[in-house]
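Written below as structure tokens is the structure these notes are about.
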Amino acid sequence: MHRRCLGGAVAGAPAAAFATAAICLSLTGTAARADVTASQVWADWRGYLQGFGYRVSGTQSAQGPTLTVNDIVLETGAPDAATTIRFGPLVFTEIDRGRVEVVVPDAMPVTLDIAADALQPATQVTLTYAQTGTQMIVSGAAGDLRYDYSADAVGLDLAGLMIDGAPVADDLVQFSLNAEALQSTTGVRVGTVRSYDQNIRIGALRYDLFYASPNGIDALQFDTDTQSLVVTGTSVLPLDGTRGADDLTALLKAGVRINTFATAQQTETKIALTSAEGTTRIKTGVAQTALTLDVSARGASYGVQAQQVQMGARVAGLPFPLFAQMEGSRFKITAPVLKREIPQDFDLALSLTDFTMSDIIWAAFDPSAQLPRDPVNLTVDLNGKATVLLDDLDAAAMNRMATRGTSPLQLDALQINRLDVDALGATLRARGAVTLDNAKTITLPGFPAFPKPVGEVTMNLTGVSALVDRLGATGLLPPLNVAAAKIMLGVFAVPGAAPDTFTSTLTATQDGQILANGRRVK
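Given below as structure tokens:
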């Protein structure tokens, strides 16, 4: 017996991640242009996957209004070392009013063959795709279609794993992804490009992963539950398939763009890390989460916000539990991804609001309560210019740069719009801007050579002198370090009108001088 197929769009990613995304897209049918016939629906599924760089094949058989496609194979990479996905069958049936229904079996194996490369051995992953109470109907006209989908439950479970031809025991690696109460609508338009507009609602989503080392000691257990997940997004894909799904650079240059916004309620994550020292257990809870992702040739942007975050842990070897919480957190980064001859814009924002820790954590390093235990607040807002030095975004190229100790990005300019820290009874406020000449370097005593800066940064500090004294009283700062910190304040900062306030203006001039409050230090 067959059930109607799940619908859901998945953004592209390199190599194996691209492969997994392709499986979901194929099974869900949400990313395809369809006409009013079954064969045209399947043809456009193929067109979508080929637009992502996959070579697609399958055995077709038609009987009346029904088209069945068996032995579906997706491949990317060189033919002699391809990453391959195998699954099927898919059934496309023409129903009333020119609509098409898509069905797959209640349970279906999906096989992933990942070719060996410099970073990983040859790997075969066998998954079981299962579903209940699903229905997907395609309606509309050619070039402007609508996919309506619903499901009671959908699951993806690891059924087998082989590395370098050797099977991995089932009790060493386990994985499952399960969703309940799914609904989605997808609009598909095809013109000079393929455009997708999707809205997905999932009542509950659970992800479970377990890994145990063959030594029988080390292990990792990771479980996360999310309620009320809502995902909206758009994507643009080229019509041709002249690139590989494992070549992110080529995909972006060809015009691929993914934009996604997701929100979730009540996310709980549990982690258990087992080693020779024992088991460390970590638990986090988040009341509300929002995530954004935008990837195109212009750059990549990723952002996440969380409200009412709680974190607890029982660390192996510690006789007491640890606990921390914060009212909110935010992180966002926008950066260039493709190489150009000129510097490109980037942005970075980070904030923590009302971060607090349990008294038992404080007591571990401040048993006499010398330090104020007020909530910590942090705000970082930066932007600037950076040059991408690498014209290949694959993992092997990144690994080569990491081995050499080099970075794929060169920092050319930095603007500090806001750097605010409130912690331990002290505050820091910093603003400024600096440009960097990477063709020239300068050195300061105790620091390695760095690109020549030109610009100015101003910092305002309060409560720093008292904080240094308190750190000395707790023993966290040895007496010599306390004295050195006071000397540094005298050299680089100017006392303000109020007690224990300081201002420091650091200036880097065009001729290579470094000034602290107008006084030359280099």
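The opening position of the sequence shown corresponds to residue -9 in our numbering, with each subsequent residue numbered one higher. Don't be surprised by glycine CBs; every beta carbon is placed ideally from N, CA and C.
Let me check understanding here. Comparing Cα to Cα, which of A413, P468 and N373 lies closest to R421? Numbered from 1 along the sequence shown, position 431 holds the residue referred to as residue 421. Nearest C-alpha to R421: N373.
Please give me, in chain order, every unbroken run of the alpha helix (DSSP H) with length at least 4 that falls completely inside the segment 297 to 371. 349 to 355
If you follow the alpha helix (DSSP H) that Y201 is in, where does it begin and where does it stop? Taking the sequence shown and counting its residues from 1, the one referred to as residue 201 is at position 211. Careful: Y201 lies outside any alpha helix (DSSP H), inside the beta strand (DSSP E) at R184 to A202.
Span of the alpha helix (DSSP H) around T464: Against the sequence shown, residue 464 aligns to sequence position 474. Unbroken alpha helix (DSSP H) run through T464: V454 to T464.
By a C-beta neighbour count over all protein chains shown, 10 Å radius and 16 as the cutoff for buried, is L219 buried or exposed? Numbered from 1 along the sequence shown, position 229 holds the residue referred to as residue 219. When all chains shown are included, L219 counts as buried.
Can you find the residues in the same chain that come closer than 7 Å, C-beta to C-beta, to I127, ignoring five residues on each side of it along the sequence? In the sequence shown, the residue the question calls residue 127 occupies position 137. The answer, listed in chain order, is R89, E91 and D138.
Does DSSP put P515 in a helix, in a strand, or in coil? An answer regarding residue 515 cannot be provided, because it is not within the stretch -9 to 512 covered by the chain.
Is the Cβ-Cβ distance between T279 and T253 less than 9 Å? By one-based count along the sequence shown, residue 279 stands at place 289. By one-based count along the sequence shown, residue 253 stands at place 263. Result yes, Cβ atoms of T279 and T253 sit closer than 9 Å.
Mind listing, in chain order, the continuous beta strand (DSSP E) runs of no fewer than 3 residues lying wholly within the segment 110 to 171? 113 to 122, 125 to 131 and 134 to 153
Assuming A314 and F345 are in contact, meaning their beta carbons sit under 8 Å apart, how far apart are those beta carbons, in whole angstroms? As a working note, residue 314 is residue 324 in the sequence shown. As a working note, residue 345 is residue 355 in the sequence shown. The Cβ separation is near 7 Å, so the contact holds.
Under three-state DSSP, which class holds V93? Position 103 of the sequence shown, counted from the start, is the residue given in the question as residue 93. It is a strand residue.
Compute the beta-carbon to beta-carbon distance between V458 and K476, rounded to the nearest angstrom, for a pair I have assumed lies under 8 Å. Translated into the one-based positions of the sequence shown, residue 458 becomes position 468. Translated into the one-based positions of the sequence shown, residue 476 becomes position 486. 6 Å between Cβ atoms; contact.
Cβ pair A439, V424 closer than 9 Å: Taking the sequence shown and counting its residues from 1, the one referred to as residue 439 is at position 449. Taking the sequence shown and counting its residues from 1, the one referred to as residue 424 is at position 434. Not a contact, by the Cβ cut-off of 9 Å.
Sheet register partners of G374 (DSSP bridge): Counting from 1 along the sequence shown, the entry for residue 374 is found at position 384. Bridge partners of G374: F336 and L404.
With R288 as the anchor, note down where its alpha helix (DSSP H) starts and where it stops. Position 298 of the sequence shown, counted from the first residue, corresponds to residue 288. Counting along the chain, R288 falls outside any alpha helix (DSSP H), and DSSP gives it neither H nor E.
When you compare each of G67, A376, Q295 and G307 to S331 by their alpha carbons, which one comes out closest? For this step, residue 331 is matched to residue 341 along the sequence shown. It is Glu, not Ser, that sits at residue 331 in the sequence shown. With distances taken between Cα atoms, E331 lies closest to A376.
Which of helix, strand or coil DSSP assigns to F42: The sequence position of residue 42 within the sequence shown is 52, counting from 1. Three-state DSSP puts F42 in coil, outside helix and strand.
Keeping to the same chain, check which residues put their C-beta closer than 7 Å to that of N205; ignore five residues upstream and five downstream. The residue given as residue 205 occupies position 215 in the sequence shown. Excluding residues within five positions, none has a Cβ falling inside 7 Å.
Answer with buried or exposed for D237, where buried requires no fewer than 16 other C-beta atoms within 10 angstroms of its C-beta. In the sequence shown, counting from the first residue as 1, residue 237 sits at position 247. Looking at its Cβ environment, which holds 16 or more other Cβ atoms inside 10 Å, D237 is buried.
Rounded straight-line distance, which links the Cα of K329 to that of P435: In the sequence shown, counting from the first residue as 1, residue 435 sits at position 445. In the sequence shown, counting from the first residue as 1, residue 329 sits at position 339. Looking at the two C-alpha atoms, the distance is approximately 34 Å.
Go ahead and pull the three-state DSSP assignment for N471. Here residue 471 corresponds to residue number 481 of the sequence shown, with the count starting at 1. Three-state DSSP puts N471 in a helix.
To the nearest angstrom, how far is the alpha carbon of L17 from that of G54? Residue mapping note: residue 17 aligns to position 27 of the sequence shown, counting from 1. Residue mapping note: residue 54 aligns to position 64 of the sequence shown, counting from 1. Note that L17 has pLDDT 47, beneath the 50 cutoff, so the model's placement of it is unreliable and no number is given.
Alpha carbon to alpha carbon, how far is V93 from Q164? Give it in angstroms, no decimals. What you label residue 164 is simply residue 174 of the sequence shown in a count that begins at 1. What you label residue 93 is simply residue 103 of the sequence shown in a count that begins at 1. Taking the straight line from one Cα to the other gives about 28 Å.
Leaving aside the five residues before and after V484 along the sequence, list all residues of the same chain whose C-beta is less than 6 Å from its C-beta, in chain order. Sequence index remark: in the sequence shown, residue 484 carries index 494 (1-based). Only T493 and N507 meet the Cβ criterion.
With DSSP as the reference, label T239 as helix, strand or coil. Position 249 of the sequence shown, counted from the first residue, corresponds to residue 239. Three-state DSSP puts T239 in a helix.
Compare the C-alpha of I261 against each of M301, A287 and M391 and name the closest. Your numbering for residue 261 matches position 271 in the sequence shown. The shortest Cα separation from I261 among M301, A287 and M391 belongs to M301.
Write down the C-beta distance between L241 and R184 rounded to the nearest angstrom, noting that I regard them as a contact closer than 8 Å. Mapped onto the sequence shown, residue 241 falls at position 251. Mapped onto the sequence shown, residue 184 falls at position 194. With 8 Å as the limit, L241 and R184 do not qualify as a contact, their Cβ atoms being about 13 Å apart.
Exposed unless 16 or more other CB atoms sit within 10 angstroms - verdict on E267: For this step, residue 267 is matched to residue 277 along the sequence shown. Per the 10 Å Cβ criterion, exposed.
Per DSSP, what are the beta-bridge partners of R394 in this structure? As a first step, residue 394 must be located in the sequence shown, where it is residue number 404. None, per the DSSP bridge assignment.
Q503 in three-state terms, based on DSSP: The residue you call residue 503 lines up with position 513 of the sequence shown. In the structure shown, Q503 sits in coil (DSSP, three-state: anything other than H, G, I, E or B).
Ignore the nearest five residues each way along the sequence and tell me which others in G502's own chain have a CB closer than 7 Å to its CB. For the purposes of this step, residue 502 is identified with residue 512 of the sequence shown, where counting begins at 1. Contacts found: I432 and K442.
Considering only DSSP beta bridges, list what Q217 is partnered with. Start at 1 with the first residue of the sequence shown, and residue 217 comes out as number 227. Per DSSP, A194 and Q255.
Sort out for me which residues DSSP pairs N60 with in a bridge. Numbered from its first residue, the sequence shown carries residue 60 at position 70. According to DSSP, which records beta bridges pairwise, N60 is partnered with T49.
Which residues bound the beta strand (DSSP E) around R76? Sequence index remark: in the sequence shown, residue 76 carries index 86 (1-based). That run of the beta strand (DSSP E) goes T73 to F77.
Would you kindly work out how many angstroms separate the C-alpha atoms of Q125 and V370, rounded to a whole number? Start at 1 with the first residue of the sequence shown, and residue 125 comes out as number 135. Start at 1 with the first residue of the sequence shown, and residue 370 comes out as number 380. Computed Cα separation, rounded: 46 Å.
Below 8 Å, how does it come out for the segment 73 to 85 and the segment 95 to 104: are there three or more Cβ pairs, yes or no? yes
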